[in-house]
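Shown next, in structure tokens, is the structure this report addresses.
Dropping the structure here:
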């Protein structure tokens, strides 16, 4: 899943990506989390919706925490 956003940014670096980078990385990463959540629920034989929502929410929390930590570090070292 972590490779998905990098592919979009590398594409933009090597050429010109024809859209909003943040929007497309968010959409494609969400689709990746949906697929992972679906597969998880298939393996564990639980509700598909529950598996997808759990995975999406955990991904959103992880993204929020990493953004906050990055912002905190930026302010601490003064970049």
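Residue numbers (the numbering used here): 16 to 94.
For every residue, glycine included, the Cβ atom is placed at its ideal position computed from N, Cα and C.
Apart from the 5 residues on each side of it in sequence, residue 49 sits with its Cβ closer than 8 Å to the Cβ of 67, 70, 71 in its chain, given in chain order.
In this structure, the CA atom of residue 56 is about 42 Å from the CA atom of residue 92. Under the three-state reduction of DSSP, residue 35 is assigned to coil, being neither helix nor strand.
The criterion of a C-beta distance shorter than 8 Å is not satisfied by residue 24 and residue 43.
The beta carbons of residue 47 and residue 19 sit closer together than 8 Å. In this structure, DSSP gives residue 62 a state outside helix and strand, which the three-state scheme calls coil.
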